[in-house]
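Asker: Mapping of the sequence shown onto my numbering: position 6 corresponds to residue 6, and the numbering continues sequentially without gaps.
Note that CB positions come from ideal geometry on N, CA and C, so glycine has one too.
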Amino acid sequence: MIRVDDLCLFHSGRPLLQNISFNILQGQTLALIGASGSGKTSLARLLLGVLPGRPYDAQEASPQGARGFRWSGQVRVLGVDMLYGSTADRRKLRGDGVGLVVQALADALNPHQTVLQHILELLPRASNRQEHAKTLCAQFNIPDWLLHRYPSGLSGGEIQRVLTALAMARDPRVLILDEPTAALDRVNRTRAIALLEKGRLQRCQLLITHDLDLACQMADQMAILHEGKLVEDGPAIDMLRTPTIEEPGKALQAGRRHRRCLDNHGVAPLVPSPRPPQVNPSGLILRDISLRRGDRLLLNGVSTVLPRGECLAVLGPSGCGKSTLARLLVGYDPMQAGNISWRERPGDAPVPCYPHDLALVPQHPHRAIARHMTVAEVLEDARRLNRLAGRHRNTDRAVSLLEKVGLPQVRSFLDQRAADLSGGQAQRLVIARALSSQPRCLIADEPTASLDRAARNQVLQLLRQLMVRDKLALLVFTHDPKVAGALGHNIRFLSDGQLRLSPSPADMSIA
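Structure, rendered in structure tokens:
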């Protein structure tokens, strides 16, 4: 059903994929494992025939010397030539035969269509389309009150569930899954895996992921993509037992150790130094924050105190209001009730927070930065917005911020487009941009979602370092208990619009 022979891909002279070959038959699921930036997503776009670029022309001196994407080799999906076939054939195949769950959640849906409109657009025209759409949504835990929402009003987990429902809507014969569970909490992840298992013998599936646990659950074959090459492949169970290639073998060994004994993405749980509780500590104060949308009370009297140099981790399932609260705190959405204040020294009277006191690290880093801008332009734009442009030389300040977050400070990196950054690099650039306003409190919304294990480790270590070194108050929203355990001095559960010390029975699945 999917056959790839001797596929090579270059981007502006740089080899991304080299001599890739594999075959996926009906009833098989192949897991393609690789780190961020290894070319997995580019391969998925080639399989669908949607990667911008063109085949390597034999009259060109070399594909390495050409600008943009160039490719060679053979890719056939359900018999259709996806590299050299007609545009009409490829479009028809994408409409009827192939389903796709993409990794880039931020740009995957039409911002002008509701959830229901997206689904109805895919279903065959019939009198029962509305019923079919609602049944499909119920299967993927998309409640009725979400059906008339636009993508801007959805959380990352809600978008991922919608995309999976869209991919399955027409019973595709080929399913391409690019990190299909990265933004899902445990309950929705389990549900999605079970639904993707249904009818699996009637189709073939390509699972693109860095998550070895997910690969073990879904795949019967596994291949390792390392530096653009398929260096190891075979039955999944054998691959995890006896890796034969040194570098990917180390990755698989690390994955097994991770599942057995390394919690918190390889970052040891934070053990706060014992000290007596402070009375009226310096830091962030939230008091009675409430928000209602229509007839739904999303936030109901949220109150807490976050001391400087400490982290409060807020756990909650997808759609519980974590991103909504984060946006309220930094002023992206208007506050309906409650107040935010800051106490400078223990015992002082709190004063109102100013916009630059809090900075947000959004859930989708590539959506949060303009893709056409260079790294230097992203940081300079943030400085202009924060009215800091005259304080230091532009390049010096940008280099200082990059150094803080562990990114290269060389000119070639400053001139690199944001669109070409890996997930981990983009997340750290977003953190650097947030730090440009010199905030007192950093608010991180799902800071490790969709990152591979190495990038997660780097981001978690960075956030902890900023908290300790710069005495930042750190407020982290996540559905992942391991992230909460890695960073949080205190952990709270957002449930029924309130911060609780323990999860409600309905939220026990994430605890």
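How about LEU360 and ALA434: are their beta carbons less than 8 Å apart?
Answerer: yes
Asker: Mind checking which residues open and close the beta strand (DSSP E) that includes THR478?
Answerer: 473 to 478
Asker: Residues in its own chain within less than 7 Å of GLY321 by CB, not counting five upstream and five downstream?
Answerer: LEU298, LEU299, LEU494 and GLY497
Asker: Confirm, please, whether the CB-CB distance from LEU442 to LEU472 is below 8 Å.
Answerer: Yes. Within cutoff.
Asker: Pick out the complete beta strand (DSSP E) segments inside the segment 74 to 151, 3 residues or longer, and give them in chain order.
Answerer: 98 to 101
Asker: Cβ of GLY73 within 8 Å of Cβ of ASP5?
Answerer: yes
Asker: Can you tell me which of THR374, GLY228 and VAL50 puts its alpha carbon nearest to the alpha carbon of GLY39?
Answerer: For GLY39, the nearest C-alpha among the options comes from GLY228.
Asker: Between which two residues does the alpha helix (DSSP H) containing GLN160 stretch?
Answerer: 156 to 168
Asker: Cα-Cα, which of ARG384, MET1 and LEU16 is closest to ARG173?
Answerer: MET1
Asker: Taking DSSP as the reference, what is the three-state secondary structure of ARG384?
Answerer: helix
Asker: Is it buried or exposed for LEU201, if we count other Cβ within 10 angstroms and need 16 for buried?
Answerer: That one is exposed.
Asker: Only counting the same chain, and skipping five residues up and downstream in sequence, which positions put a Cβ closer than 6 Å to that of LEU30?
Answerer: ILE24, LEU206 and GLN221
Asker: Check each candidate in PRO439, PRO235, GLY79 and ILE193 and name the one with the smallest Cα separation from ASP357.
Answerer: Checked all of PRO439, PRO235, GLY79 and ILE193; the closest Cα to ASP357 is PRO439.
Asker: How long is the line joining the alpha carbons of ILE142 and GLU158, rounded to whole angstroms?
Answerer: 7 Å
Asker: Alpha carbon to alpha carbon, what distance is there between ILE285 and GLY99?
Answerer: Computed Cα separation, rounded: 46 Å.
Asker: My output table needs one value for ILE369: the three-state DSSP class, helix, strand or coil.
Answerer: coil
Asker: Hey, ALA349 and ILE289: beta-carbon distance below 8 Å or not?
Answerer: no
Asker: If you compare alpha carbons, which of ASP171, GLY156, SER323 and THR209 is closest to ASN188?
Answerer: GLY156
Asker: Output the boundary residues of the beta strand (DSSP E) element that contains ALA359.
Answerer: 358 to 361
Asker: Check whether the Cβ atoms of PRO408 and GLN427 sit closer than 8 Å, and answer yes or no.
Answerer: Contact: no.
Asker: Should GLU131 go down as buried or exposed, given a rule of 16 or more other Cβ atoms within 10 Å for buried?
Answerer: exposed
Asker: Considering only the alpha carbon of each residue, which of LEU230, ILE176 and VAL231 lies closest to ALA219?
Answerer: ILE176
Asker: Counting pairs of Cβ atoms below 8 Å between the segment 444 to 460 and the segment 477 to 487, do you hit three or more?
Answerer: Three or more beta-carbon pairs separated by less than 8 Å link the segment 444 to 460 to the segment 477 to 487, which places the two stretches in contact.
Asker: Specify, as a first and last residue, the run of the alpha helix (DSSP H) that ARG433 falls within.
Answerer: Looking at the DSSP string, the run of the alpha helix (DSSP H) that includes ARG433 is 423 to 435.
Asker: Going by the beta-carbon positions, is the gap between CYS311 and LEU460 smaller than 8 Å?
Answerer: No.
Asker: For the alpha helix (DSSP H) that GLU197 lies in, which residues bound it at each end?
Answerer: Counted as a single uninterrupted DSSP element, the alpha helix (DSSP H) harbouring GLU197 occupies residues 186 to 197.
Asker: According to DSSP, simplified to helix, strand and coil, what is ASP5?
Answerer: strand
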